[in-house]
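Protein chains in written order, with this note's numbering: chain A, 19 to 177; chain B, 489 to 742.
From the three backbone atoms N, C-alpha and C, an ideal C-beta is built for every residue, glycine too.
Being a predicted model, the structure only gives us computed values, none of them experimental.
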Amino acid sequence: MTAIDEIRRAAGAIPDPEMPALTIADLGILRDVRVDASGHVDVDITPTYSGCPALDTIREDVERCVRDHGYEDVTVSIVLSPAWTTEWMSESGRVKLREYGIAPPRDQPFDLKPLAIAVECPLCNSPRTRELAHFGSTQCQAVRRCDACGETFPHFKEH
Amino acid sequence: MTLVVAGAAAVYTLRIADDCLVLSHRLAQWSSWAPTLEDDVALTNIALDLLGQARAMYARTAELDGTGRSEDDYVFMRDEREYVNCLLVEHENGDFATTILRQLLCSTHQLAQWQALTASTDDQIAAVASKAVKETAYHRDHATDWTLRLGDGTDESHRRMESALAALWPFTAELFESDSITHDVAVLGVGPDPEALRSEWDSYVGRVLGNATLAVPESTWRPTGGRRGLHTEPFGYMLAEMQHLHRSFPGVTW
């Protein structure tokens, strides 16, 4: 295993501070790992939202993780372009999100128009759900209710 | 970029940063005061998005103006006359109707502006904009839903929206004003001519207000000056509160 693969695997396995069921690789937050000839490690991460308060924690976690794997010389950079999108969330990440009780983002690119695909309830899989509030416990979540089972659940908004 | 050009771009990014920061702080003042728990969460989430957008634009300003100032330097160490936000964002929260209407007017403008900025010749600004467009679309949705519900709601909610409209509408003219800074950044492709954003803003806001049974007020009063550091009285009080801790304990962290 090359150094890049080792670091990518280790850093990618770091849990998201606000949704610890998912790793930063699942979410698509870990963007790039580079190691130059002198052994200097560069890691790029990207925020899900502009003001995401988890990003500083993630940066520290990545730095610590890379050092723990024996690479002392590390720089973690925050890259904004291209902008993060929920389309980068891995398939395994979507499955984990649903198991965690959060409806994953719909498989449709972000658009200013309303989305036509239903959000399925992560508890009973019914497509008959409706939005209660655009904004939830974190910047990336909305709150919905299932008309079938009556449960309220968070939905990872398309972004 | 030449020095002069970077200078204009730096003032321009500072204006956007100040707009985002001041509006963010006003919305944060709703924390624990909103009429419903959902809207307490919504307004503070929107505030957080705006704070993130402000931070990114202060960081870009520091590169463009060459001072290397930190985000905290811009936010806590400048006095009122050095702030270049528009007057609309500093308007006091008032009641929930006033805040919602301010959100509709501001977020519609910000969305059009961020959309234009995704094509900025400044890569950093374009990157921030591509993220901010999505966030701001949610802000506008939120304000639109509430404007419809309150405007076309009860007699009392309609009355409150009408008085909010009368109070806030005059301040919207400033959003589309041009000066030498906006001229320079438009020539360079860094940012849009403010006037170019007007037709989309007029059309969206007009449609929402119409559907909300609210009439656009006639007004000849066009307060201005924010871009030159001339602010309304409540702004000084807001800054005093916001900056007090940092100035009393310089360099404080937690």
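Between residue 510 of chain B and residue 572 of chain B, the gap from beta carbon to beta carbon reaches 7 Å or more. For the stretch 530-541 of chain B, residues whose beta-carbon sits nearer than 8 Å to a beta-carbon of chain A comprise 530, 533, 534, 536, 537, 538, 539, 540, 541. For residue 678 of chain B, no chain A residue has a Cβ inside 7 Å of its Cβ, as the nearest lies near 16 Å away. Residues of the stretch 626-640 of chain B whose Cβ lies closer than 7 Å to any Cβ of chain A, in chain order: 626, 629, 630. For the 7 Å CB-CB criterion, residue 658 of chain B and residue 711 of chain B form a contact. Taking a Cβ-Cβ cut-off of 8 Å, residue 520 of chain B has no neighbours in chain A, whose nearest Cβ is about 15 Å from it. The C-alpha of residue 742 of chain B lies about 14 Å from the C-alpha of residue 560 of chain B. Close partners of residue 618 of chain B in chain A (Cβ separation under 9 Å): 98, 99, 100, 101.
No residue range can be given for residue 659 of chain B, since it is assigned to no alpha helix (DSSP H) and is classified by DSSP as neither H nor E. Chain B has a Cβ within less than 7 Å of the Cβ of residue 157 of chain A. Sixteen is the threshold: when 16 or more other Cβ atoms of the shown chains lie within 10 Å of the Cβ of residue 102 of chain A, as they do, the residue is buried. Nearest to residue 83 of chain A by C-alpha distance, out of A/107, A/100, A/51, is A/51. Nearest CB-CB separation between residue 615 of chain B and chain A: below the 7 Å threshold. Using beta-carbon distances, residue 121 of chain A does not count as an interface residue toward chain B, since no partner is under 7 Å. For residue 83 of chain A, the enclosing alpha helix (DSSP H) starts and ends at 72-86. A direct Cα-Cα distance of roughly 40 Å separates residue 54 of chain A from residue 675 of chain B. Not flagged as an interface residue toward chain A: residue 551 of chain B, since no C-beta distance is shorter than 7 Å. When rounded, the separation of the alpha-carbon atoms in residue 703 of chain B and residue 155 of chain A is 36 Å.
Three or more pairs of CB atoms, one per stretch, sit closer than 8 Å, so the stretch 540-553 of chain B contacts the stretch 54-74 of chain A.
Non-local C-beta neighbours of residue 532 of chain B in its own chain, meaning closer than 8 Å and more than five positions away in sequence, comprise 515, 516, 518, 519, ordered along the chain. Per DSSP, the unbroken alpha helix (DSSP H) holding residue 575 of chain B starts and ends at 575-578. Residue state for residue 162 of chain A is assigned as strand, using DSSP reduced to three classes. In the three-state reduction of the DSSP assignment, residue 606 of chain B falls in the coil class, being assigned neither a helical nor a strand state. The stretch 628-645 of chain B makes no contact with the stretch 548-566 of chain B, as fewer than three CB pairs between them are under 8 Å. Here residue 42 of chain A carries a helix assignment [DSSP, helix/strand/coil]. The beta carbons of residue 656 of chain B and residue 715 of chain B sit no closer together than 7 Å.
With its beta carbon less than 7 Å from one in chain A, residue 526 of chain B belongs to the interface. Distance from the Cα of residue 538 of chain B is smallest, within the candidate group B/622, B/667, B/522, for B/622. Following the DSSP letters along the chain, one finds residue 547 of chain B inside the alpha helix (DSSP H) bounded by residues 525-553.
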